[in-house]
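Straight run, no breaks: the sequence shown in this note's numbering ends on number 875.
We put the CB at the ideal spot given by N, CA and C, even for glycine.
The structure presented is a predicted model; accordingly, all values stated were derived computationally and were not measured.
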Amino acid sequence: MTAVALDENNRPYRQLPELVDASDAKRIDRLREIALQRKSMSLRRKKMEKFWSEKAPVKDTIVALSTSFLPCHLNRNGTVFGGEILSWMVPTKRRCTAVEFSQETATW
768 MTAVALDENN
778 RPYRQLPELV
788 DASDAKRIDR
798 LREIALQRKS
808 MSLRRKKMEK
818 FWSEKAPVKD
828 TIVALSTSFL
838 PCHLNRNGTV
848 FGGEILSWMV
858 PTKRRCTAVE
868 FSQETATW
């Protein structure tokens, strides 16, 4: 479906008519503000996508972390409970994501 704005002679407008809401005049201002925010977010995303498309050597993307587990974290086989590992991985993932999106150097 294609929607076309027509003038009084049923000819297409060269430009869109101004948006009007007779019941709520401030609504149009809010919609314009939202449109500007979306445009700004779109431009920021395009910049980020350009950054993501840049190639980086694998050795520059490796994250190496370590932690110590106590005997109470072990199961009967002497290995660490999966839940303990997951509880350690979640904050690590958050930190790596924060570093990736803020483009800062990771320091712990």
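Where residue i falls: helix, strand or coil (DSSP)
i, result
"PRO838", "helix"
"PRO779", "strand"
"LEU832", "coil"
"LEU786", "coil"
Nearest-angstrom Cα separation, counted from residue j out to residue i
i, j, result
"TRP875", "PHE836", "Below a pLDDT of 50, predicted positions are generally treated as unreliable, and TRP875, at 48, falls in that range; the measurement from the model is reported next regardless. Straight-line Cα distance between these residues: approximately 18 Å."
"MET808", "PHE818", "15 Å"
"ILE795", "THR864", "37 Å"
"PRO838", "ASN844", "12 Å"
"THR859", "MET815", "22 Å"
"GLU775", "GLN782", "14 Å"
Within 8 Å, strictly: CB atoms of residue i and residue j
i, j, result
"LEU841", "VAL847", "yes"
"PRO779", "VAL787", "no"
DSSP beta-bridge partners of residue i
i, result
"VAL847", "LEU841"
"LEU773", "PRO779"
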